[in-house]
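Down below is the structure, laid out as C-alpha cells.
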Amino acid sequence: MMTLSMEDIPHLEMETVYSRPESLSSRPTHYCPGCTHGIAHRILAEAFDELGIRERVILVAPVGCSVFAYDYFEADGCEAAHGRAPAMATGIKRTRPDNIVVSYQGDGDLASIGAAEILHAAARGEHITSIFINNAVYGMTGGQMAPTTLLGQRTTSSPTGRDANMTGFPLRMSELLSQLDATAYIARVSLHDVKHIRQAKKAVITALKAQMQGLGFSMVEMLSSCPTNWGMTPKDALKWVETNMIPQYPLGDYKMIDEVRALALERKQG
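For the sequence shown, the numbering used here gives the first residue as 1, with consecutive numbering after it.
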C-alpha cells in the first residue's frame with residue numbers, strides 16, 4: 001500500500017469568497033438560532049464598508065432584542081430609552097452633522113412606544129437613517145402582540161389570534177411615513193432568502209447615501225423572522241415571512257425623491 005505525504009498532494013490556491021466585514025465585530029451573538037437580526041447586521045456593516053463611512057457612523061440602539069446592537073459593530077454607538085432612538089438620533093445629528101447617524105429599531109420600539117418619535121422625526125425631515133426590523137411580534141419580552149402582528153396571528157397576548165374588532169389592524173409604517181413631505185427614501189425589503197437579502201443591501205446603501213447627501217429622512221423596513229416566538233423552525237419561519245408577511249406588507253420603494261432616484265440609478269449602472 002502506497003502512503004502519500006503532504007508533499008505529494010498538489011498545492012491548491014484557495015480563494016476567499018466569504019469574510020467578515022471590517023465594520024462587524026467578531027463576537028458570539030445573543031440572538032436566538034435562526035433570527036435574522038444577524039443578517040441585518042451584516043448588511044449594515046457591509047454598507048458601512050462599501051461607502052467608507054465606518055469612522056463617521058454613530059449607531060443608536062433601541063430597547064428590545066437588538067438592545068446590544070452597538071456591540072456588534074466596529075463603530076461608535078449608544079443606547080436610547082425605549083422608543084426614543086429617533087429623538088436621540090436627531091439630537092446627535094443636529095450637533096454632529098458630519099456624522100452618519102443610524103437608528104436600529106424593532107417593531108415594538110419603533111411602531112408602538114416610539115411611534116410619535118419616528119413620525120415626527122420623519123415629518124421634520126431629520127437627516128438620519130432608520131433600520132426598522134419588523135418581525136410582527138414583541139421578541140425580547142415573551143412574544144406578545146405588536147402593532148405589526150398580522151390579523152389572526154397567535155401570540156402570547158392574542159392566543160386565539162389577533163382580532164381587528166378588539167385591537168385594530170396592523171400598522172404599515174412604510175406606507176404611513178411615505179406620505180410625509182419631508183421623507184426622502186422609504187423602502188420595505190425582506191430577509192427570507194438570498195435574492196431579497198441582496199435587494200435589502202441595495203436599499204440600505206441608497207438610504208445611507210440619501211443621508212450623506214443631506215436629502216432628508218430615510219428608513220428601510222426589513223421583514224424578519226422570529227422562530228422562537230413564532231414556535232417554528234428557522235426554515236419554516238423564513239417560509240412564513242414569504243407566504244404570510246409579504247402579502248400583508250408588500251415589498252418595494254414607497255418613497256423616493258428625484259435626487260435619491262438618481263443615486264439609486266447611479267449604483268445600478270455602476
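Note that beta-carbon positions come from the ideal geometry of N, C-alpha and C, so glycine has one too.
Please read these numbers as outputs of a predicted model, since none were measured by experiment.
Can the beta-carbon of I128 be found less than 9 Å from the beta-carbon of F217? yes
Could you pull the start and end residues of the alpha helix (DSSP H) that D253 belongs to? It is not in any alpha helix (DSSP H) - D253 instead sits in the beta strand (DSSP E) that spans 252-256.
Report all residues from its chain with a CB closer than 6 Å to the CB of H192; omit the five preceding and five following residues, and keep chain order. L238, V241, E242
Taking its Cβ as the centre, do 16 or more other Cβ atoms sit within 10 Å of A122, making it buried, or is it exposed? buried
For the alpha helix (DSSP H) that M88 lies in, which residues bound it at each end? 85-95
Cut-off 6 Å between Cβ atoms - residues of its own chain near A85, not counting five sequence neighbours on either side: V60, P62, S103, Q105
What do you reckon, are the CB atoms on I118 and M173 nearer than 9 Å? yes
Among the candidates K202, Q248, P247, M256, whose CA atom is the shortest distance from the CA of E46? K202
Can you name the start and end residues of the alpha helix (DSSP H) that F48 belongs to? 37-51
Is it true that the CB of A136 sits closer than 9 Å to the CB of L219? Here residue 219 turns out to be Met, not Leu, going by the sequence shown. In this structure, A136 does not lie closer than 9 Å to M219 by Cβ.
Endpoints, the alpha helix (DSSP H) within which S130 is located: Element bounds for S130: not the alpha helix (DSSP H) but the beta strand (DSSP E), 129-134.
Give every residue of the same chain whose Cβ lies closer than 7 Å to the Cβ of T155, excluding the five residues on either side of it in the sequence, and list them in chain order. V137, G143, Q144, M145, T149
Relative to the C-alpha of W230, which residue among R188, A69, Q153, Q213 is closest? Q153
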